[in-house]
Amino acid sequence: MIDVKYGKRKVVNYRGARMVVGGLTAKNKIDILLYISREFAQINSQSELFDRVLTLCEEIFEVDNIHLRLWSASNHKLMPVKFMAESEPPARPLDSGEGFSGTVFAHRKSMLEEDLTRHPEMIDQGERTRCVVCVPVMYRDQVLGTLSIEKHIPYFYRMDDLEILEAMASQLGLALNEVELVEGLMEARSRIESDLRMGRNVQSHIIPRRIDPWNGIHFYYHYEPMVEVSGDYFNVIRQGNTMTAIIADVSGHGVPAALVTMALHHHFQQLATINISLPELVEELNRQIQPNLPDGTYFTAQIVRIYQDHSFSFVNAGHHKLLHFDYNTETYEGLDSTGIPLGIAKVSREEYIEKKGQLRPGDFLVLLTDGFAEQRNEAGEPAGVPRVASWLQEEKSRLMERERVAMADMLGPSFLVRFEEFTGQRPAEDDFAMLILQSSPFFATSEAIHEKARKASDSEQSLKLALEAYNEEPSYLKNLLLLSKLTYVKKDLNESGRYLREYIHSSGEASAQIHCMLGNVMYQTGNFADAKTSYKRSLAVNPGFAEAAIMLSRVYVREERPARAQDVLRIAHQCSPGDEKIRTAMKKMDGVVLESAGKSG
14 MIDVKYGKRK VVNYRGARMV VGGLTAKNKI DILLYISREF AQINSQSELF DRVLTLCEEI
74 FEVDNIHLRL WSASNHKLMP VKFMAESEPP ARPLDSGEGF SGTVFAHRKS MLEEDLTRHP
134 EMIDQGERTR CVVCVPVMYR DQVLGTLSIE KHIPYFYRMD DLEILEAMAS QLGLALNEVE
194 LVEGLMEARS RIESDLRMGR NVQSHIIPRR IDPWNGIHFY YHYEPMVEVS GDYFNVIRQG
254 NTMTAIIADV SGHGVPAALV TMALHHHFQQ LATINISLPE LVEELNRQIQ PNLPDGTYFT
314 AQIVRIYQDH SFSFVNAGHH KLLHFDYNTE TYEGLDSTGI PLGIAKVSRE EYIEKKGQLR
374 PGDFLVLLTD GFAEQRNEAG EPAGVPRVAS WLQEEKSRLM ERERVAMADM LGPSFLVRFE
434 EFTGQRPAED DFAMLILQSS PFFATSEAIH EKARKASDSE QSLKLALEAY NEEPSYLKNL
494 LLLSKLTYVK KDLNESGRYL REYIHSSGEA SAQIHCMLGN VMYQTGNFAD AKTSYKRSLA
554 VNPGFAEAAI MLSRVYVREE RPARAQDVLR IAHQCSPGDE KIRTAMKKMD GVVLESAGKS
614 G
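Rendered as structure tokens:
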């Protein structure tokens, strides 16, 4: 409430004239103007501002009603946005120049009308207001609206009231502009935050949520955007006999960098599944992305390809060195190869040298973005790559002493504890991404037992050894195929199908043959729905693959859909016109369709 005390005013007749007795003094006016200024300075929303205006007017002017109107550019009307009491007749939108509010708005000039009975054109019929002070609300040269204080008693207000209301309106114009700016900023910030949340949701779909082992290679990753979205990217693509991993760091932060990672994800997924060398992959990646990048935007990248025997090759496009840790010693090596960052200019495959290496059981490769090396502690000291590598090496040694083994999913969290101890309470200064690729410490054992299983002359002994190899390393691809074959021979079709599914999931192989093989197992177990799915996947890879087309047509015949079976064989024949098996199957199917049509006739 206002901390200003003054007597109640009243209107009296003196020597035939109306005059106001009591009310504000000169000191009151100064105190009130200071009070208004303080009150408006504390407001951050339009609704709060409007409420405060009405409260102040009610406290200061002993009003019967107050009207705040703002001009609507869309309606071309002076709209009532706030009032103290519902009037009779109700307040309505006014044209410029209409009524006392419209007149003040049109002429940009304040009005003190002591007795509105002398100006009936200023009010609507039935309106009880007799004395009014109405002032324009302006910001610079723009009229935003009007503010009026109204009394049912004529001659109630005087020039002091007009001066105070003008001062209030002036403060209101400034406050209204500031509030609109604040609310605009808040709304813009809300939109940005909403867009960022949506961006993070979209980006979360391109970052792997889980990376299962591939052929004895185990993974760990850490991904932490500095804001809602990140300019860091990593991925792992399985291609059956090989696996290709990438880590990339786009210049800048936030939404622009995140958009580049989405383009990078799309093109990398396509390129990694075709049979090209890593330098070719880098050249093509740059060719597809570089023309669409904003000026000054580029990205560094490191791409690693691991083969079935755990040998590997890699290329580097301006990224940190690839860290290769020896499992059995206290040593690591920083591996590098030539190559500039991508997105800056056109590049050729000759500029990127593909280097090779070998992972022994337990060895691991670490791919990092520069957030880890450049993050500073509370003293302002950056971590640096050597210190990051030493923490990884030390944590590996501690795990070996404590657990007798150091797996990727143990090493990663242990390293992050060390990293967070170093950074303390200092906020993140960049995005963080880390990918660890480790050759299982048990891979050699599994491989040796598998070789015994493969060479065993007795099928029971072979299966027993293959299961031992599976227990050592469940993702060993050759052993999964052997287990599927041995259980199939044993007529344990459900187990055969399970091992084959594990092989497909782990290897990423998407050949027509492997999907058809799984379809055949499912068909023999009577699981025709899953068999149909596998045959369709096989034909999606190779529409002319005879065995899958013939088996899928049999599934459709079982479903009493011979016409659909005929379509499958016809498409396969178009893709493989010289295949005799498909031609024979088509002739048989034509007979089935005719027979079916005869029965229905």
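Final position of the sequence shown in our numbering is 614; the numbers increase by one with none missing. Each residue gets a CB set at the ideal place from its N, CA and C atoms; glycine is no exception.
With distances taken Cα to Cα, identify the nearest neighbour of Ile-366 among Phe-428, Phe-445, Val-295.
One-based indexing of the sequence shown puts residue 366 at position 353. The shortest C-alpha separation from Ile-366 is found at Val-295.
When DSSP labels each residue in this structure, what does Lys-601 get in the three-state scheme?
Within the sequence shown, residue 601 is the residue found at index 588, counting from 1. Helix.
Among Ser-361, Gln-138, Glu-52, which residue has its Cα nearest to the Cα of Ser-290?
The residue you call residue 290 lines up with position 277 of the sequence shown. Residue Ser-361 is the option with its Cα nearest to Ser-290.
Report all residues from its chain with a CB closer than 6 Å to the CB of Gly-397; omit the five preceding and five following residues, and keep chain order.
Working through the sequence shown from its first residue, we reach residue 397 at position 384. Counting only Cβ-Cβ distances below 6 Å, and skipping sequence neighbours, we find Ala-386.
Using CA atoms only, rank isn't needed, just tell me which of Arg-141, Ala-441, Val-156 is closest to Glu-163.
Taking the sequence shown and counting its residues from 1, one reaches residue 163 at position 150. Sorting Arg-141, Ala-441, Val-156 by C-alpha distance to the C-alpha of Glu-163 places Arg-141 at the top.
Alpha-carbon spacing of Arg-222 relative to Arg-577, whole angstroms:
If you number the sequence shown from 1, residue 222 lands on position 209. If you number the sequence shown from 1, residue 577 lands on position 564. Spanning the two alpha carbons is a distance of roughly 38 Å.
Helix, strand or coil for Met-124? Go by DSSP, reduced to three states.
Counting from one through the sequence shown, the residue named residue 124 turns up at place 111. Per DSSP, reduced to three states, the secondary structure at Met-124 is strand.
Using the beta-carbon count (16 or more within 10 Å), is Arg-417 buried or exposed?
In the sequence shown, the residue the question calls residue 417 occupies position 404. Under this definition Arg-417 is an exposed residue.
Span separating the alpha-carbon of Glu-101 from that of Asn-78
Stepping through the sequence shown from its first residue, residue 101 is reached at position 88. Stepping through the sequence shown from its first residue, residue 78 is reached at position 65. Taking the straight line from one Cα to the other gives about 11 Å.
Buried or exposed for Arg-28, going by 16 or more other Cβ atoms inside 10 Å?
The residue labelled residue 28 in the question sits at position 15 within the sequence shown. With a pLDDT of 45 at Arg-28, under the threshold of 50, the modelled position of this residue cannot be trusted, and the question is left open.
Through-space distance from Glu-394 to Gln-438, alpha-carbon basis
As a first step, residue 438 must be located in the sequence shown, where it is residue number 425. As a first step, residue 394 must be located in the sequence shown, where it is residue number 381. About 13 Å.
Rounded to the nearest angstrom, how far is the Cβ of Tyr-233 from that of Ala-421, given a contact under 8 Å?
Position 220 of the sequence shown, counted from the start, is the residue given in the question as residue 233. Position 408 of the sequence shown, counted from the start, is the residue given in the question as residue 421. About 4 Å; that satisfies the 8 Å criterion.
From Ile-357 to Tyr-311, what does the alpha carbon distance come to, in whole angstroms?
Mapped onto the sequence shown, residue 357 falls at position 344. Mapped onto the sequence shown, residue 311 falls at position 298. Taking the straight line from one Cα to the other gives about 6 Å.
Run through DSSP, which three-state label would Ile-15 get?
Stepping through the sequence shown from its first residue, residue 15 is reached at position 2. For Ile-15, the pLDDT reaches just 43, beneath the cut-off of 50, and the residue's location in the model is therefore unreliable, leaving the point undetermined.
Check: Tyr-516 C-beta below 8 Å from any heavy atom of the ligand FAD
Ligands in the displayed structure: none, and consequently the ligand FAD is not present.
Rounded to a whole number of angstroms, what is the C-alpha to C-alpha distance between Tyr-548 and Ala-469?
Residue 548 sits at position 535 when you count from the first residue of the sequence shown. Residue 469 sits at position 456 when you count from the first residue of the sequence shown. In a straight line, the C-alpha of Tyr-548 is about 33 Å away from that of Ala-469.
State the start and end residues of the unbroken alpha helix (DSSP H) segment that holds Gln-326.
What you label residue 326 is simply residue 313 of the sequence shown in a count that begins at 1. The sequence given here places Ser at residue 326; Gln does not occur at that position. That residue, Ser-326, is in no alpha helix (DSSP H); its beta strand (DSSP E) goes 324–330.
Going by beta carbon distance, what residues of the same chain come within less than 7 Å of Gly-532, once the five residues before and after it are set aside?
As a working mapping, residue 532 is identified with position 519 in the sequence shown. Excluding sequence neighbours, Gly-532 sits near Ala-544, Ser-547, Tyr-548, Ser-551, Ala-561, Met-564.
Please work out which residues of its chain come closer than 6 Å, Cβ to Cβ, to His-323, disregarding the five sequence neighbours upstream and downstream, and give them in chain order.
Mapped onto the sequence shown, residue 323 falls at position 310. For His-323, where only same-chain residues beyond five positions count, the Cβ hits under 6 Å are Leu-372, Ser-452.
Take Gln-321 as the anchor and find which of Gln-282, Thr-257, Gly-265, Glu-364 has the nearest alpha-carbon.
In the sequence shown, residue 321 corresponds to position 308, counting from 1. Answer by Cα proximity: Thr-257.
Alpha carbon to alpha carbon, how far is Leu-178 from Val-146?
Residue 178 sits at position 165 when you count from the first residue of the sequence shown. Residue 146 sits at position 133 when you count from the first residue of the sequence shown. So the two alpha carbons sit approximately 8 Å from each other.
With a CB to CB cut of under 6 Å and the five nearest residues on each side skipped, what residues in its chain are close to Gly-158?
The count along the sequence shown starts at 1 and reaches residue 158 at position 145. Taken in chain order, the residues that qualify are Arg-82, Leu-83, Trp-84, Val-150.
How is Tyr-168 classed by DSSP in three states: helix, strand or coil?
Along the sequence shown, read from residue 1 onward, the residue named residue 168 stands at position 155. Coil at Tyr-168, not helix or strand.
State the Cα-Cα distance for the pair Asp-137 and Glu-75, rounded to the nearest angstrom.
Here residue 137 corresponds to residue number 124 of the sequence shown, with the count starting at 1. Here residue 75 corresponds to residue number 62 of the sequence shown, with the count starting at 1. Annotation: Asp-137 to Glu-75 spans about 23 Å, alpha carbon to alpha carbon.
In whole angstroms, give me the CA-to-CA distance for Ala-598 and Ala-585.
Looking up residue 598 in the sequence shown gives position 585. Looking up residue 585 in the sequence shown gives position 572. Taking the straight line from one Cα to the other gives about 11 Å.
How far does the beta strand (DSSP E) with Met-535 in it reach, from first residue to last?
As a position in the sequence shown, residue 535 is number 522, starting the count at 1. Unbroken run through Met-535 is the alpha helix (DSSP H), 525–538; no beta strand (DSSP E).
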